[in-house]
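Q: My structure is below; once you've seen it, I'll send some questions.
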Amino acid sequence: MAYVCLRGIQKLEARRERDGLWEKASDDMDELLLVMTVFSAVGSAMVVYAVVAQLNTIYHYCVYKFSFQSYGSEWAVVTGASGGIGAEFCRLRAARGVKIILLARSVEKM
């Protein structure tokens with residue numbers, strides 16, 4: 018974007034020198050600089066917004082301590098509770114006093 022605007026300024030300067038239109042080229046340059054300033058401000062605002070959104074995501078997924086108690090529920094339904102992550106999740110929730118409904122394919126493993 019900056020290259021396009023810079024190229025436009027160079028073309029205006031060349032035209033001004035060729036045709037002797039000092040005043041007209043000066044007005045065109047002012048308009049072009051205004052457009053460049055507006056695009057730069059909008060682009061900067063978009064970059065700041067994207068950075069803030071990413072930092073917010075990082076905070077909520079990495080830093081913020083998630084708690085089921087914040088939902089006000091004492092119950093949890095866990096699928097795949099016969100082994101692996103589901104079983105460990107059940108152990109952790111039960112240690113915190115949450116009542117759990119276990120769902121699994123094999124009753125023998127439970």
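Using the numbering used here, the letters of the sequence shown map in sequence onto residues 18 to 127.
Cβ atoms here follow ideal geometry from the backbone N, Cα and C, with glycine treated the same way.
Which of helix, strand or coil does DSSP assign to residue 121?
A: Here residue 121 refers to the residue found at position 104 of the sequence shown. Residue 121 falls in the coil class under three-state DSSP.
Q: Measuring CB to CB, does residue 62 end up less than 9 angstroms from residue 98?
A: As a working note, residue 62 is residue 45 in the sequence shown. As a working note, residue 98 is residue 81 in the sequence shown. Not in contact: residue 62 and residue 98 (Cβ atoms no closer than 9 angstroms).
Q: If we ignore side chains and look at the alpha-carbon of each, how far apart do residue 70 and residue 124 end up?
A: Along the sequence shown, read from residue 1 onward, the residue named residue 70 stands at position 53. Along the sequence shown, read from residue 1 onward, the residue named residue 124 stands at position 107. Roughly 44 angstroms between the two C-alpha positions.
Q: If you draw a straight line from the C-alpha of residue 91 to the C-alpha of residue 72, how long is it?
A: Position 74 of the sequence shown, counted from the first residue, corresponds to residue 91. Position 55 of the sequence shown, counted from the first residue, corresponds to residue 72. Straight-line Cα distance between these residues: approximately 31 angstroms.
Q: May I ask you to report which of helix, strand or coil DSSP gives residue 98?
A: Taking the sequence shown and counting its residues from 1, one reaches residue 98 at position 81. DSSP places residue 98 in coil when its eight states are reduced to three.
Q: Which partner residues does residue 116 have in the DSSP bridge list?
A: Walking along the sequence shown from the start, residue 116 turns up at place 99. Per DSSP, 92.
Q: Measuring alpha carbon to alpha carbon, tell me which of 126, 48 and 93 ends up nearest residue 112.
A: On the sequence shown, position 95 is the one that residue 112 refers to. When each option's Cα is compared against that of residue 112, the closest is 93.
Q: Taking a contact to mean a Cβ-Cβ separation below 9 angstroms, would you say residue 95 touches residue 118 in this structure?
A: As a first step, residue 95 must be located in the sequence shown, where it is residue number 78. As a first step, residue 118 must be located in the sequence shown, where it is residue number 101. Yes, they are a contact pair.
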